[in-house]
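Participant: Shown below is the structure under consideration.
Residue numbers (this note's numbering): 7 to 182.
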């Protein structure tokens, strides 16, 4: 999961020695994280969709994207997942990366298909795993869970869209 951003690189946590000679602490790691709001506009260019308003959900472990009409297509070469990002929208096909057992807030466990894709957030690109689930009744169509967030970001619970706003959307949409 490499981040690409020249002005504000994210450094992976390690056991390196700091310039002061002391071992690296949790505070050192926190200073290397990028601050984001509890909601941010994100892009997922490989899925050919519009930018999404993602919720940073530190209570959820994994990332989950709304998908409808989810179908698993088995072949001799590889297993694909076919789904729609919007109702009656274009079909999207991605290789099935894994199956994940997920427990929802009500305590119910389900198996969800997982895909890999690129996420654009805060001016950086990340290769991420995303569980697919019909979230049409949910307020947020895409949530980023703490497994991903804790490695790269510090979430500000009182702010949203720190790295994105309505002004930045045309740039995100038109960028190819």
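Idealized CB from N, CA, C, for every residue including glycine.
Check residue 54 in the structure and name its three-state DSSP category.
Facilitator: Sequence index remark: in the chain shown, residue 54 carries index 48 (1-based). The answer is coil: DSSP assigns residue 54 none of H, G, I, E or B.
Participant: Which full runs of the beta strand (DSSP E) of 3+ residues lie inside the stretch 95 to 133, going along the chain?
Facilitator: DSSP runs (the beta strand (DSSP E)) wholly in the stretch 95 to 133: 97 to 101, 104 to 109, 115 to 127.
Participant: So what's residue 90 in DSSP terms, helix, strand or just coil?
Facilitator: The residue labelled residue 90 in the question sits at position 84 within the chain shown. Strand, per DSSP.
Participant: Which residue from 83, 127, 170, 96 puts its Cα closest to that of residue 54?
Facilitator: Sequence index remark: in the chain shown, residue 54 carries index 48 (1-based). It is 96 whose Cα lies nearest to the Cα of residue 54.
Participant: What separation, rounded to the nearest whole angstrom, lies between the Cα atoms of residue 124 and residue 136?
Facilitator: Within the chain shown, residue 124 is the residue found at index 118, counting from 1. Within the chain shown, residue 136 is the residue found at index 130, counting from 1. Distance between the alpha carbons of residue 124 and residue 136 is about 10 Å.
Participant: Using 8 Å as the cut-off, can you tell me whether the stretch 86 to 93 makes contact with the stretch 62 to 78, which would need three or more C-beta pairs spanning the two stretches below that distance?
Facilitator: A contact exists between the stretch 86 to 93 and the stretch 62 to 78.
Participant: Measuring only the C-alpha atoms, how far is residue 111 from residue 140?
Facilitator: Along the chain shown, one-based indexing puts residue 111 at 105. Along the chain shown, one-based indexing puts residue 140 at 134. Each residue's Cα considered, the two are about 15 Å apart.
Participant: Compute the Euclidean distance between the alpha carbons of residue 126 and residue 81, then round it to the nearest angstrom.
Facilitator: For the purposes of this step, residue 126 is taken as the residue at position 120 of the chain shown. For the purposes of this step, residue 81 is taken as the residue at position 75 of the chain shown. Going from the Cα of residue 126 to the Cα of residue 81 covers about 31 Å.
Participant: So residue 152 is in the alpha helix (DSSP H); what residue range does that whole segment cover?
Facilitator: Numbered from 1 along the chain shown, position 146 holds the residue referred to as residue 152. Residues 152 to 158.
Participant: By DSSP, does residue 28 sit in helix, in strand, or in coil?
Facilitator: Start at 1 with the first residue of the chain shown, and residue 28 comes out as number 22. Since pLDDT at residue 28 reaches only 49, below the 50 mark, its modelled position is unreliable, and the value read off the structure follows with that caveat. Coil, per DSSP.
Participant: Thinking C-beta only, is residue 41 closer than 8 Å to residue 168?
Facilitator: Numbered from its first residue, the chain shown carries residue 168 at position 162. Numbered from its first residue, the chain shown carries residue 41 at position 35. The answer is yes: Cβ separation under 8 Å.
Participant: Provide the residue span of the beta strand (DSSP E) that contains residue 42, from first to last.
Facilitator: If you number the chain shown from 1, residue 42 lands on position 36. Element bounds for residue 42: 40 to 43.
Participant: Excluding the 5 residues flanking residue 128 on each side, which residues of the same chain have their C-beta closer than 6 Å to its C-beta?
Facilitator: The residue you call residue 128 lines up with position 122 of the chain shown. Excluding residues within five positions, the ones whose Cβ falls inside 6 Å are 40, 42, 169.
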